[in-house]
């Protein structure tokens, strides 16, 4: 049984203006959207390649400057975005619009293929910008609602996860070799295979060990127990799993299993110093959250 109450945790009243990193992220987002829109408009108006190339630096510069300036005046924007699904979804509206235009361009034979390609590139740019903003916003929201020190911290190692990722990578490589006509589709399969291979290396911890051997300080995927919930922090961003979203906690000799609505969270016990203590801490806070929601 999973409770749905109290999913949204109250934010502090005194939220500051966005930090420099988030302001730059907003600038990147606006630059991506403006550049995509300029590209689509230029292709639709049959502008020359020289004009299209010259437009890119202008739209990027305007987007970075204007986006950063606007973001600096919006106090609490990252925290409120990270808290609200609607605000998060709003950042993807331009990408959806570009994608719809690309689909229409592909479906209608009268529309030139180059316009469909321009819409596709604009979609990718807008998706990238939206992903940057929403990831940074979620990380800052989690930081705002978890000011307390974690009672337990451990590196997340999911049993057999890397094997599944390796299998998917091999499958994509096989698809690449099986493609009859060599071209963009083949490169796409190989690229997907490479991405899943990197994910498998990260899940196994090999990238972390390699970085340490090379003198780096790369942070792996970490789980932290806070009063507000379980925080999953990784190289890309941070997520919060509220205690009301965890159904049960099971501990075996090999793994700690946290039951969730869709996919259970499995942790390799070899990466946890005190598995029994972690289980007890999670159970205590989960039960307390359920009582608060009752």
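Numbering (the numbering used here), first residue to last: 136 to 429.
Where a beta carbon is used, it is the ideal one built from N, C-alpha and C, also for glycine.
Determine the contact status of residue 197 and residue 234, defining contact as a CB-CB distance below 9 Å.
Result no, Cβ atoms of residue 197 and residue 234 do not sit closer than 9 Å.
Closest by C-alpha distance to residue 398, when choosing among 380, 410 and 409:
When each option's Cα is compared against that of residue 398, the closest is 380.
DSSP on residue 289, reduced to helix/strand/coil?
In the three-state scheme derived from DSSP, where H, G and I count as helix and E and B as strand, residue 289 is classed as strand.
Classify residue 386 as helix, strand or coil using the three-state DSSP reduction.
Strand at residue 386.
Tell me the rounded alpha-carbon separation between residue 356 and residue 427.
In this structure, the CA atom of residue 356 is about 30 Å from the CA atom of residue 427.
Just to confirm before moving on: does the CB-CB distance between residue 191 and residue 174 stay below 9 Å?
Yes. Within cutoff.
Backbone secondary structure at residue 180 - three-state DSSP
Note: residue 180 maps to coil in three-state DSSP.
Might you give, ordered along the chain, the residues of its own chain that have their beta carbon closer than 8 Å to the beta carbon of residue 141, omitting 5 neighbours on each side?
Its pLDDT being 38, under 50, residue 141 is placed unreliably in this model, and the coordinates cannot settle the point.
Quick one: what does DSSP say residue 367 is sitting in, helix, strand or coil?
Residue 367 falls in the strand class under three-state DSSP.
Once DSSP output is grouped into helix, strand and coil, what is the label at residue 410?
Residue 410: helix per DSSP, three-state reduction.
Note down, one range per segment and in chain order, each alpha helix (DSSP H) of at least 4 residues found wholly within the segment 195 to 261.
Whole alpha helix (DSSP H) segments, 4+ residues: 212 to 218, 220 to 225 and 228 to 242.
Alpha carbon to alpha carbon, what distance is there between residue 201 and residue 324?
Going by the C-alpha atoms only, they are around 38 Å apart.
Kindly identify the DSSP beta-bridge partner or partners of residue 373.
Under DSSP, residue 373 forms a beta bridge with 368.
6 Å Cβ shell around residue 227 - same chain, five flanking residues per side excluded:
Result list for residue 227: 265, in chain order.
Could you check whether the segment 298 to 307 touches the segment 272 to 279, counting it as contact only if at least three pairs of C-beta atoms, one from each stretch, sit closer than 8 Å?
With a cut-off of 8 Å, the segment 272 to 279 and the segment 298 to 307 do not count as touching, because too few Cβ pairs lie within range.
According to the Cβ coordinates, are residue 177 and residue 253 closer than 9 Å?
Against a cut-off of 9 Å, the Cβ pair of residue 253 and residue 177 comes out as a contact.
Within 10 Å of its beta-carbon, does residue 267 have 16 or more other beta-carbons around it, so buried, or fewer, so exposed?
Residue 267 comes out buried.
Which of helix, strand or coil DSSP assigns to residue 146
In the structure shown, residue 146 sits in coil (DSSP, three-state: anything other than H, G, I, E or B).
DSSP three-state assignment for residue 403, whether helix, strand or coil:
Correct three-state label for residue 403: strand.
On a CA-only basis, which of 162, 388 and 154 is nearest residue 406? Give me that one, please.
With distances taken between Cα atoms, residue 406 lies closest to 388.
According to DSSP, is residue 425 part of a helix, a strand, or is it coil?
In the structure shown, residue 425 sits in a helix (DSSP, three-state: H, G or I).
CA-to-CA distance, residue 333 to residue 369, given in whole angstroms
Taking the straight line from one Cα to the other gives about 14 Å.
Can you tell me whether residue 394 is helix, strand or coil according to DSSP?
In the structure shown, residue 394 sits in coil (DSSP, three-state: anything other than H, G, I, E or B).
Just tell me which of 284, 289 and 322 has its CA closest to the CA of residue 401.
Among 284, 289 and 322, the Cα nearest to that of residue 401 belongs to 289.
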